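Okay, structure first, notes after.
In UniProt numbering, the protein residues as written are 1 to 365.
Right under this line is the structure:
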C-alpha cells in the first residue's frame, strides 16, 4: 500500500465518533486534521484521535476553516461529515483544492448539486466516494454472492421495509427529519436502495404512493420534551422499483408504524429466497430457503469486522491498486435520483422513469 492516505475531517458531530473507532484500527489511512464550526468540538475529536490509532502516532491538527483544511499539504482526502445541506459545498471546495472526497450520505440534496460534484471530480481527475459503506460488510456481500452464484435462480423480486414510529421519540431536536430533504425515504433509503442495487442492479422506473397522517409531532425526550412541531413532508412512502434486469422491488419507508414484524430485506428467485440483516449494519445472519426451511449461510464475502469508514479504506486501496472504488459517487447519485423520482411519482400518482443509472459495484470477495 505504501504511505497511508492522509485524511482531513470536516464536521466533528456525533457520527465522527463512529468513523474514528474504525480509523483507529486502519493502516491504510491516517487522520491529520479536523475542522468544525464548533472549534472545541473539533479539538476534542483531534485529542481523541491523537491519543488513539487514527493519527498513527502523530498529533492531529485542529484547523479553523474548511478553506484552511483543504489547502493543507498533509491532506489527500477530505472526509465530509457535515449536515446534508453542506455536503455538496464542502465536496466542491475539496475538489477545487485537488483533494479526493469521501462523504456521508446523501451525496447532495438534489440532482443539480450531485451532478456538479460528479462533473467537478471528472474534470479534476479526482475520486468522490459516498456512504453508506454498510453494503461492503459481510451481510449484504454474502447475500450478493449467493445471488451471483445462482443459489436463488433468476432473481424475480425483493422487498425492503424500514418501519418505525418516528425519530421524535428519542431525538431531542428532530424537526429536520420532518422538513424538505428529510422524511423516512431520504433519511434511511440510501441504506436499503444501495443494498438493492448491489443485489439486483440499477433501477429503471418507479411507481409510488405516500401519505402524511399527522400534521404535527411532539418531541418525546430532552429539554424540549412536550413541544410540538409541524410535519412538512410525507412520512409513509410505498414504492415499486423495476431493476434493469427485470426484478421488481417493493419498498416501504415509514415513520408511522408503531410495531411490525416485517423483514428488513428479502430477495426471491425462481429457485430460492434470501433473507438479509439490517442494511444499516455491516454484518448479521444471511438466510437461504430453498423451500424446505431456512439455513444460515456462513459469511463468505465482504469486509469482516467492518465499521463506518470501511468505504474510506476501500477508497485508499482502490487508489493504490488503480481500480474503481466501490462506494462510488455514481452509485450515490443514482440512489438519490431513485429516491427523488419515487417522491415525484408518488406526488403525481403515476410511474416515472429513472433518468440516471450506474455500474453495479464490484463485489467484495
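Where a beta carbon is used, it is the ideal one built from N, C-alpha and C, also for glycine. Only a predicted model underlies this, so the values are computations on that prediction, with no experimental measurement involved.
Can you look up residue i in the DSSP assignment and give me helix, strand or coil?
i	result
residue 185	helix
residue 153	coil
residue 216	strand
residue 99	coil
residue 236	strand
residue 134	helix
residue 83	coil
residue 318	helix
residue 176	helix
residue 41	helix
residue 93	helix
residue 277	coil
residue 167	helix
residue 354	coil
residue 194	helix
residue 205	strand
residue 54	coil
residue 248	strand
residue 30	strand
residue 122	helix
residue 113	helix
residue 47	helix
residue 338	helix
Is it buried or exposed for residue i, if we count other Cβ within 10 angstroms and need 16 for buried?
i	result
residue 208	buried
residue 180	exposed
residue 254	buried
residue 300	exposed
residue 266	buried
residue 15	exposed
residue 145	buried
residue 210	buried
residue 128	buried
residue 17	exposed
residue 412	With the chain covering 1 to 365 only, the question about residue 412 has no answer from this structure.
residue 149	exposed
residue 141	buried
residue 213	exposed
Would residue i and residue j qualify as a contact pair, given that the criterion is a beta-carbon distance under 8 Å?
i	j	result
residue 164	residue 233	no
residue 364	residue 326	yes
residue 11	residue 82	yes
residue 117	residue 320	no
residue 182	residue 176	yes
residue 262	residue 161	yes
residue 61	residue 95	no
residue 359	residue 28	no
residue 336	residue 108	yes
residue 99	residue 77	yes
residue 137	residue 302	yes
residue 264	residue 279	yes
residue 155	residue 357	no
residue 220	residue 295	no
residue 139	residue 331	no
residue 200	residue 158	yes
residue 69	residue 19	no
In chain order, what residues of the same chain have a beta carbon less than 6 Å from the beta carbon of residue i, not counting five sequence neighbours either side?
i	result
residue 74	6, 32
residue 238	209, 252
So, for residue i: in the same chain, excluding its five sequence neighbours on each side, which residues have a beta-carbon less than 7 Å away from its beta-carbon?
i	result
residue 205	242, 351, 352, 353, 354
residue 189	253, 339
residue 25	53
In chain order, what residues of the same chain have a beta carbon less than 8 Å from the beta carbon of residue i, not counting five sequence neighbours either side?
i	result
residue 92	116, 117, 120
residue 240	206, 207, 208, 248, 249, 250, 251
Hey, is the stretch 172-190 in contact with the stretch 286-293, meaning 3+ C-beta pairs nearer than 8 Å? Counting C-beta pairs with one atom in each stretch, the stretch 172-190 and the stretch 286-293 have fewer than three that are closer than 8 Å, which means they do not touch.
Check whether the stretch 195-202 touches the stretch 236-256, counting contact only when three or more Cβ pairs, one atom from each stretch, lie closer than 8 Å. Three or more beta-carbon pairs drawn from the stretch 195-202 and the stretch 236-256 are found closer than 8 Å, and the two stretches are therefore classed as touching.
Can you find at least 3 beta carbon pairs, one from the stretch 83-101 and one from the stretch 48-57, that sit closer than 8 Å? The stretch 83-101, when compared against the stretch 48-57, does not touch it at the 8 Å Cβ threshold.
Between the stretch 305-315 and the stretch 144-158, are three or more C-beta pairs nearer than 8 Å? Judged by Cβ distances under 8 Å, the stretch 305-315 makes no contact with the stretch 144-158, as fewer than three pairs qualify.
Would you check if there are 3 or more beta carbon pairs closer than 8 Å linking the stretch 130-137 to the stretch 99-107? Touching, yes, given that three or more Cβ pairs across the two stretches are closer than 8 Å.
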